[in-house]
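Colleague: Quick mapping for you: the protein sequence lines, in order, are chains H and X. Under the working numbering, the first residue of the first sequence is numbered 1, with each subsequent residue one higher. Under the working numbering, the first residue of the second sequence is numbered 1001, with each subsequent residue one higher. Ideal Cβ positions, reconstructed from N, Cα and C, are used throughout, including at glycine.
Protein chains: 2
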Amino acid sequence: MADRTDTLSGDAAPEDAQKISDNGANGVSRRRLLGTAGAAGAVALVAGGAAGATGASVVRGKPDPLSSVGSANVAFHGTHQAGILQPSQAHGHLAAFDLAPKADAKAAAALLRRWSAAAADMMEGRTPQGDELGIALDAGPSSLTVTIGFGRTFFDRTGLAAKRPEALEPLPAFTADALDPKRSEGDLWVQIGADDGLVAFHALRLLQRLAADTARLRWQMNGFNRAPGATENPMTGRNLMGQMDGTNNPKETDANFGERIFVPDNRTGADAWMAGGSYVVVRRIRMLLDSWENLSVDRQEKIIGRRKSDGSPLSGGTETTRPDFNRMGSDGVLAIPGDAHIRVASPATNRGAAMLRRAFSYHDGFRDDGSPDAGLLFIAWQADPRKGFTPVQRKLDRGDGLSRFLKHEASGVFAVPGGCAPGEYVGQRLLEG
Amino acid sequence: MADRTDTLSGDAAPEDAQKISDNGANGVSRRRLLGTAGAAGAVALVAGGAAGATGASVVRGKPDPLSSVGSANVAFHGTHQAGILQPSQAHGHLAAFDLAPKADAKAAAALLRRWSAAAADMMEGRTPQGDELGIALDAGPSSLTVTIGFGRTFFDRTGLAAKRPEALEPLPAFTADALDPKRSEGDLWVQIGADDGLVAFHALRLLQRLAADTARLRWQMNGFNRAPGATENPMTGRNLMGQMDGTNNPKETDANFGERIFVPDNRTGADAWMAGGSYVVVRRIRMLLDSWENLSVDRQEKIIGRRKSDGSPLSGGTETTRPDFNRMGSDGVLAIPGDAHIRVASPATNRGAAMLRRAFSYHDGFRDDGSPDAGLLFIAWQADPRKGFTPVQRKLDRGDGLSRFLKHEASGVFAVPGGCAPGEYVGQRLLEG
Chain H
1 MADRTDTLSG DAAPEDAQKI SDNGANGVSR RRLLGTAGAA GAVALVAGGA AGATGASVVR
61 GKPDPLSSVG SANVAFHGTH QAGILQPSQA HGHLAAFDLA PKADAKAAAA LLRRWSAAAA
121 DMMEGRTPQG DELGIALDAG PSSLTVTIGF GRTFFDRTGL AAKRPEALEP LPAFTADALD
181 PKRSEGDLWV QIGADDGLVA FHALRLLQRL AADTARLRWQ MNGFNRAPGA TENPMTGRNL
241 MGQMDGTNNP KETDANFGER IFVPDNRTGA DAWMAGGSYV VVRRIRMLLD SWENLSVDRQ
301 EKIIGRRKSD GSPLSGGTET TRPDFNRMGS DGVLAIPGDA HIRVASPATN RGAAMLRRAF
361 SYHDGFRDDG SPDAGLLFIA WQADPRKGFT PVQRKLDRGD GLSRFLKHEA SGVFAVPGGC
421 APGEYVGQRL LEG
Chain X
1001 MADRTDTLSG DAAPEDAQKI SDNGANGVSR RRLLGTAGAA GAVALVAGGA AGATGASVVR
1061 GKPDPLSSVG SANVAFHGTH QAGILQPSQA HGHLAAFDLA PKADAKAAAA LLRRWSAAAA
1121 DMMEGRTPQG DELGIALDAG PSSLTVTIGF GRTFFDRTGL AAKRPEALEP LPAFTADALD
1181 PKRSEGDLWV QIGADDGLVA FHALRLLQRL AADTARLRWQ MNGFNRAPGA TENPMTGRNL
1241 MGQMDGTNNP KETDANFGER IFVPDNRTGA DAWMAGGSYV VVRRIRMLLD SWENLSVDRQ
1301 EKIIGRRKSD GSPLSGGTET TRPDFNRMGS DGVLAIPGDA HIRVASPATN RGAAMLRRAF
1361 SYHDGFRDDG SPDAGLLFIA WQADPRKGFT PVQRKLDRGD GLSRFLKHEA SGVFAVPGGC
1421 APGEYVGQRL LEG
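1) Who does L1217 (chain X) pair with in a DSSP beta bridge?
2) Between which two residues does the alpha helix (DSSP H) harbouring R1126 (chain X) extend?
3) What residues are listed by DSSP as bridge partners for W189 (chain H)?
4) Starting from the C-beta of R1286 (chain X), find all residues in its chain whose C-beta is less than 6 Å away, skip the five residues before and the five after it, and write them out in chain order.
5) Residues in the same chain with beta-carbon distance under 7 Å from L133 (chain H), minus the five sequence neighbours each way, listed in chain order, please.
6) Determine which residues of the stretch 1121-1147 of chain X have a Cβ less than 7 Å from any Cβ of chain H, and write them out in chain order.
7) Rounded to whole angstroms, how far is the Cβ of R1218 (chain X) from the Cβ of F1097 (chain X), which I believe are closer than 8 Å?
8) Using the Cα positions of V1435 (chain X) and M1244 (chain X), report the straight-line distance between them to the nearest angstrom.
9) Name the chain X residues whose beta carbon is nearer than 7 Å to that of L376 (chain H)?
10) Strictly under 8 Å for the Cβ-Cβ distance: is N1222 (chain X) near chain H by that measure?
11) Identify every residue that forms a DSSP beta bridge with D1177 (chain X).
12) Are the stretch 1091-1109 of chain X and the stretch 1173-1188 of chain X touching by the rule of at least three beta carbon pairs closer than 8 Å?
13) Buried or exposed: where does N1256 (chain X) fall if 16 or more other Cβ atoms within 10 Å of its Cβ makes it buried?
14) Rounded to a whole number of angstroms, what is the C-alpha to C-alpha distance between R238 (chain H) and R126 (chain H)?
15) Going by C-alpha to C-alpha distance, which of X:R1343, X:E1166, X:L1430 and X:A1109 sits closest to L1210 (chain X)?
16) Helix, strand or coil: which one does DSSP assign to H80 (chain H)?
17) Start and end of the alpha helix (DSSP H) containing Q1208 (chain X)?
18) Can you list, in chain order, the stretches of the alpha helix (DSSP H) that have 4 or more residues and sit fully within the stretch 1329-1370 of chain X?
19) I'd like the span of the beta strand (DSSP E) that includes W292 (chain H), first residue to last.
20) F1257 (chain X) CB to nearest chain C CB: under 8 Å?
21) Mind listing the chain H neighbours of P1101 (chain X)? Cutoff is C-beta to C-beta under 9 Å, in chain order.
22) For the stretch 1334-1341 of chain X against the stretch 1308-1320 of chain X, do three or more pairs of beta-carbon atoms, one drawn from each stretch, fall closer than 8 Å, so that the two count as touching?
23) Quick one: list the residues of chain X neighbouring R238 (chain H), beta-carbon separation under 9 Å, in chain order.
24) Using a Cβ-Cβ cutoff of less than 6 Å, which residues in the same chain neighbour D1324 (chain X) once the five nearest sequence positions on both sides are dropped?
25) Distance, Cα to Cα, S1071 (chain X) vs G1193 (chain X)?
26) Between which two residues does the beta strand (DSSP E) carrying D1310 (chain X) extend?
27) Evaluate contact between the stretch 1160-1172 of chain X and the stretch 1111-1119 of chain X, counting only Cβ atoms and requiring at least three cross-stretch pairs below 8 Å.
28) Look at the alpha carbon of K1308 (chain X) and the alpha carbon of R1299 (chain X), and state the distance between them as a whole number of angstroms.
29) Once you ignore the five residues that flank V1344 (chain X) on each side, which residues in its own chain have a CB closer than 7 Å to its CB?
30) Does the beta-carbon of G1048 (chain X) have 16 or more other beta-carbons within 10 angstroms, so that it is buried, or is it exposed?
31) Residues of chain X with a CB under 7 Å from the CB of G70 (chain H): which are they?
32) Cα separation between F1281 (chain X) and N1350 (chain X)?
33) Is V263 (chain H) helix, strand or coil when you go by DSSP?
34) Please check the pair G418 (chain H) and G277 (chain H), which I expect to be a contact at CB under 8 Å, by giving their CB distance rounded to whole angstroms.
35) Leaving out the 5 sequence neighbours to the left and right, which residues in its chain are closer than 6 Å to G427 (chain H) when beta-carbon positions are compared?
36) In chain H, what lies closer than 9 Å to R1114 (chain X) by C-beta?
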């Protein structure tokens, strides 16, 4: 374990960085043992001498060593940014920043360079140069990911309007929207996730400090998910309604997964810099839990279209069985009702529109009337929101039985460029291309 | 793993409860491998067939089984309530409730009976009868603890003023106080902790629903700590200032530990019902992180009296070395400055006053000025706050260099009765004694 201590001592000089991130041999990391790992070149999850270290060191009477949680790390550099294909972590922070009035494209580029360097260090278990916060000292990277995107307003502010992608057009208004503009949109967007709360907070705080005079926090939200190891079924989480959420998420093995989620390499227009990138739609969706919980489970299941206990569709089978939307129940009505959430949201009824959802639950206490200020930080990834989120949400807005129990309180769309190579920074192809 | 499924199916009939909680043979639980476990009869942490199950089932390419996080459970019944001697979990909720105007002692007793039954079920991995929330379905208990206490106002409201302990007198005012009465005190207090965020939220939400018309939420706060396995040094956490916090916490092996923290069995007066109980002081302490982080580490260390990196006192040694408050540095001044936090707070300078601190960090986003709304949910346990918290805080208030960086925003003192036996409920000796 001595090698781990080295990477966490805060003394790693810049010239050591490449050596440390050139991983595998260090044995400091452990492959994250989850199904979505190892996607076609998408994100390199570094593999260390895992099995031995983990299996052997679980000893009665001693605390678990830095193992499944702490030592898991995700590489910063790659084709896509980290934090899209990895499973959602136990702790998440979303933040939007607005550029300061005097900040220009050059200042923004310098900020993105600082952010990228710090993110690469933190994600690989090193203390960034000059970082004396100490909040994450003696913890491992804990699957930390940092993901950075650009809002529509960024392009005007920096004189880069000619490079603003058409796909970044504003979302239409929806009936269920009660959006707070102060908690919506923004010039820059950051998504932070980690399986340790202090590691996540440290990353948020450091990025805020690195923004310094260049950008100021516009809004910030905190979320959470099931902790690794809390359940035997980590692939599908539950939301605060108690429903499994994400069962029908597209999988990397699906046909056309790549082109539905990521911008292809062959763009030549204004958005050529977005190759390997993705567009994210972020919605703060409050759940009206008092009303929801007063329904019977039977009623809840008809609204969702799945069994609450195990996520199986009401047409039968198990969680992974494809729903049969034509199946009639013994009572002669549709097993999955016409306004059931999974029917209205299904790609089959949306011309194949698909997005990769990667949500966090949120709970910000209670409102004055005693109802929970809680729900979902909905985060959906797609190659083009006009073909992903927007048509699906239009249908949900009209026909989804679940929408009566949801309130969209904040919204943002951001262009999240592809990942960068060592020595580059996120957004370099936009700012220097 | 079949036996685990049984306990989580939600079908456990009440008559099965004793069988399931009569643990050990079921193999559903795993001893929490932490130093404070196994205290003299204090809290029974149930031991299952741990080493084998954990060691053998960590297999490359498969997710970790429900192991160190999910299956760890703490017994509800015992001499003391759970949630005092156990290490702080990764997620915490604090909540205070006020009795409804028409609720009397009988209604309060019924509520405490409902809460106790639900807490016992959830802590032992069963779905409470009638609980259809589903938020924690298919997760293990994840070291859930539920702790219940009474505020000063409870006794007037229920006609039990004659049983109000003298130790429950209001705290004096302190200079660093900027208390919000709406987020302070309350008739009833609940502390929830779990290593999984959904398990913790489920418990909070269920207790709120069980309060129904009897009691209404007065205030509620969310906190977090390092996740199990995120660090090799789980015994001492770090706070959001990046400092190790809790190094000098009293240990169960200390002389007089029991009598300093818990009310003895031999009381005969108004507080005889508090035998085995403890008094908790809860303070929401905001950290002025912008100011703190602008200090050099050297300056921060002089304010605390310990090295930031490893928690060792400035008088030398390692984290566990006893500070030498008389030691002079080579520059001829005290190695641990006169106003250093650990000097002013030390039991040695407070006539041995000791409290068992068990804090959560909190982060509720950012204030309008961009500064973090973040700090510490300070939770301190003692046999008598007049001999524990109050004299120490009086000294800190006057002489602690750290107090310039802290703001106490909310406060509460609660009488937390001893634990109960199966068939009893928390507070029964107060309400029926």
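Modeller: In brief:
1) X:F1097
2) Neither: R1126 (chain X) is in no alpha helix (DSSP H) and is coded neither H nor E.
3) H:A96 and H:G149
4) Within the same chain, R1286 (chain X) has close Cβ partners G1375, K1407 and E1409.
5) H202, R205 and L206
6) E1132, L1133, G1134, I1135, L1137, D1138, A1139, G1140 and S1142
7) 6 Å
8) This structure does not reach residue 1435 (chain X), given that chain X is present from 1001 up to 1433, and the question cannot be answered.
9) Simply none; closest approach about 13 Å.
10) yes
11) X:H1408
12) Flag = yes, the stretch 1091-1109 of chain X and the stretch 1173-1188 of chain X touch.
13) exposed
14) 33 Å
15) X:A1109
16) coil
17) G1197 to A1211
18) 1341-1345
19) Looking at the DSSP string, W292 (chain H) is not in any beta strand (DSSP E); the run it does join, the alpha helix (DSSP H), is L289 to E293.
20) Among the protein chains of the structure shown, namely H and X, there is no chain C.
21) None at all; the shortest Cβ gap to chain H is about 15 Å.
22) yes
23) Result: G1134, I1135, A1136, L1137, D1138, A1139 and L1198.
24) S1315
25) 15 Å
26) Where D1310 (chain X) is concerned, there is no enclosing beta strand (DSSP E), given that its DSSP letter is neither H nor E.
27) no
28) 10 Å
29) K1395, L1396, G1399 and D1400
30) Caution is warranted here: a pLDDT of 26 is assigned to G1048 (chain X), below 50, making its placement in the model unreliable, and the coordinate value is therefore given only provisionally. Per the 10 Å Cβ criterion, buried.
31) G1229, A1230 and T1231
32) Before going further, note that residue 1281 (chain X) is Val rather than Phe in the sequence given. The alpha-carbon atoms of V1281 (chain X) and N1350 (chain X) are separated by roughly 17 Å.
33) coil
34) That pair is a contact at about 5 Å.
35) The answer, listed in chain order, is L112 and P417.
36) Result: empty, since nearest Cβ-Cβ is about 16 Å, beyond 9 Å.
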